[in-house]
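Trainee: I have a structure here, written as C-alpha cells, and I will follow up with some questions on it.
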Amino acid sequence: MTAQMYICLGLFVFLIGGYVLAPKLHTTNGVVALCAIILTAWSGLVEPKAVLANFANANVLLITGMFIVAAGFNRTQAVTKLSNLVLKIAGGNFTVMMAGYLLVTFLLSNLIPSPVAVFTIMSPMLAASCEAAGISPSKAMFAMGLVVVGTCGVLPVGSGAVMFATQNGYLESYGYTDYQMALLDPFKGRILSAVVIILYAIFIAPKTSPDQPTVPLQTTSTHAKGAAKPEPLDPAREFLGYFLFALTTLGLVFSSKLGLANWQVAMTGATLELVTGVLKPKEATNAIPFQVLLMLISALSVGGAMVACGLGDLIGNALANALGGTTNGYIIGAAFFIIPFILTQFMQNQSVQNIFIPIVILTCKSLGCNPVGPLVLLQAACLTAFLTPSATATVPLMMGAGGYDQTDLIKMGWLPSIIICVISVVCTMTLIPAF
C-alpha cells in the first residue's frame, strides 16, 4: 500500500468509527460527516474544488427538493382524512380496523420521509381506537411498528423516489458506473416482502403480541404539551399541497421521457411549494435533512479519494476473495443482507447502511457483478430493524406505546425477521440478478 492509500484508509476508518461512536461521543453523524469532508479537502487526495462540487451534486439537490415537497404534503389534512375514513370503515371489527390503519401507515411510510414521524402521527389514533374497542394497545403497536420500519421507502414516491438517485451517487463516487439503479428497482426488489409484512402485521403479529403491557405505557407524542399546531391551510393551498406532491412524483417517474433532470423536477416542486404559500420558508428549511445530505457529501468526497488513490480496488478485491469469487447471486445477496441485518440491531440503521454501501459497491466491482440487487438488499436489511431499541428511533417509541420490554421484542420479532430475509434475498436476486 502507498502512503496515499494509508491516508485514505484512515479517512475511511474515521468515517465508519465516527458513525458507530457518535452517540457515545455526544455528537451526530452529520458532524462526523462534515469532519470527513474537511479532512478530505485537507488530505490532498482530491482537489478542494472537487470536494466543493459535491455540495452541488445532482443527487444532493434532488433529495433536498423531495423532502421539501413531502413536507408540503404533510402540511395538508390528508392524514386526518385518511384516519377518519379508516374508523368509519372498520365498524368495530379489530382485524378490519388493523388492516385499515396499517394500510394507511404503509402509505404514509412511503410519502413522509421519516418512520418516527409516521409512527408518532398514527400510533395515538390507533391507541385511541384500541381503547374504544376495549383492546390493549400492546396487541397492536408492534404490528404498526413492523409496517412503519419494514415498508418505508418501498413505493417509488416520496423518499422512495430518491433512493435510486442516492445509490447512483454512491456508484459514481466509488467509480463503478457500469451499472445504474433505476427508479423502480427498489420497488421490484422489496414489494413482495412489503406485502408479506403487511399481511403478517394484520393477521399474525397481534396474536404473538402480549395481551397486556409488560411495562407501563408511555405517550408517543413528540410535541410539547400545549404547543400550538400550525393553522390549517386554506382550500386553495390544501389543493396545491396535494397537486404539487402528485405532480412532482409523476415528474420524477417520467423525467427521462420529458427530457428533464430529476433534480430539476424536485427543486421546481420545492420552489412552487414556497411560491404558492403551501410551506413557509422556515417550514421548508426545517424539512431539509441536512445530516443526511452531509453524509452523502462525505461519501462522495471520501469515495472519490478511495478511487483516486486505488484503495477502493484493493478493498473490493480483498472482499471478493473472501466470497471465493462466487458467481452465485443468491450467496452474494444473502451475505449483504445477513451481516448488516445483525449489525443494525445494535447500531442505528442509517449508520450501518452508510458503512456498508462502499463495501457492497467495491466488492461487486471486484466480482464484476451488478451491485443494484445487493444495494437494494442492504436497504431492506437495515430496515428490518425492530429487535432492539438501538436499531432505530422508532423502536423505543413502539416499546413505549405498546408497553414492551426487550424480551417481548425478541419473541415478536424473530419470525418476521427470518421471513423477510428469505423473501428479500430470493425475490431481489431473481428480479435483479448479479450476473
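The opening position of the sequence shown corresponds to residue 10 in my numbering, with each subsequent residue numbered one higher. Ideal Cβ positions, reconstructed from N, Cα and C, are used throughout, including at glycine.
Quick check on DSSP: helix, strand or coil for I144?
Mentor: Reduced to three states, the DSSP call for I144 is coil.
Trainee: Please state the DSSP three-state secondary structure of C161.
Mentor: coil
Trainee: Rounded to whole angstroms, what is the Cα-Cα separation between F365 and F345?
Mentor: 8 Å
Trainee: Quick check on the DSSP output: what are the complete alpha helix (DSSP H) runs of length 4 or more inside the stretch 315-385, in order along the chain?
Mentor: 320-331, 338-352, 358-376
Trainee: Return yes when the Cβ of I130 is within less than 8 Å of the Cβ of T79, no when it is not.
Mentor: Inspection of the sequence shows that residue 79 is occupied by Ala rather than by Thr. Cβ atoms of A79 and I130: not closer than 8 Å.
Trainee: Is the CB-CB distance between A390 and F350 below 8 Å?
Mentor: yes
Trainee: Please classify Y15: is it buried, with 16 or more other beta-carbons within 10 angstroms of its beta-carbon, or exposed?
Mentor: exposed
Trainee: If you count every other CB in all the chains shown that lies within 10 Å of the CB of K148, and 16 or more means buried, which is it?
Mentor: So K148 ends up on the buried side.
Trainee: Rounded to the nearest angstrom, how far is the Cβ of T437 from that of L386, given a contact under 8 Å?
Mentor: 5 Å
Trainee: Are the CB atoms of C161 and P133 within a distance shorter than 8 Å?
Mentor: no
Trainee: Please classify F151: does DSSP put it in a helix, a strand, or coil?
Mentor: helix
Trainee: State yes or no: is the C-beta of A270 nearer than 7 Å to some heavy atom of the ligand GTP?
Mentor: The model on display carries no ligand, and the ligand GTP is accordingly not part of it.
Trainee: Going by alpha carbons, who is nearest to L192 out of I200, L208, V205, P165?
Mentor: Closest by alpha carbon: P165.
Trainee: When DSSP labels each residue in this structure, what does I121 get in the three-state scheme?
Mentor: coil
Trainee: Excluding the 5 residues preceding and the 5 following M3 in the sequence, name in chain order all residues of the same chain whose CB lies nearer than 6 Å to its CB.
Mentor: Since the displayed the chain opens at 10 and closes at 444, residue 3 lies outside it and no answer follows.
Trainee: At the level of alpha carbons, what is the spacing between P241 and T85?
Mentor: One alpha carbon belongs to P241, the other to T85, and they sit about 7 Å apart.
Trainee: Buried or exposed: K33, going by 16 or more other Cβ atoms within 10 Å of its Cβ?
Mentor: exposed
Trainee: If you pair each beta-carbon of the stretch 92-112 with each one of the stretch 304-321, do three or more pairs fall below 8 Å?
Mentor: no
Trainee: Would you give the residue range spanned by the alpha helix (DSSP H) that F21 belongs to?
Mentor: Its alpha helix (DSSP H) spans residues 12-30.
Trainee: For V434, which residues in the same chain have their Cβ closer than 8 Å to its Cβ, ignoring the five residues on either side in sequence?
Mentor: Y339, G342, A343, F346, L386
Trainee: At what residue ranges does the stretch 36-89 contain a whole run of the alpha helix (DSSP H), taking only runs of 4 or more?
Mentor: 38-52, 57-62, 67-83
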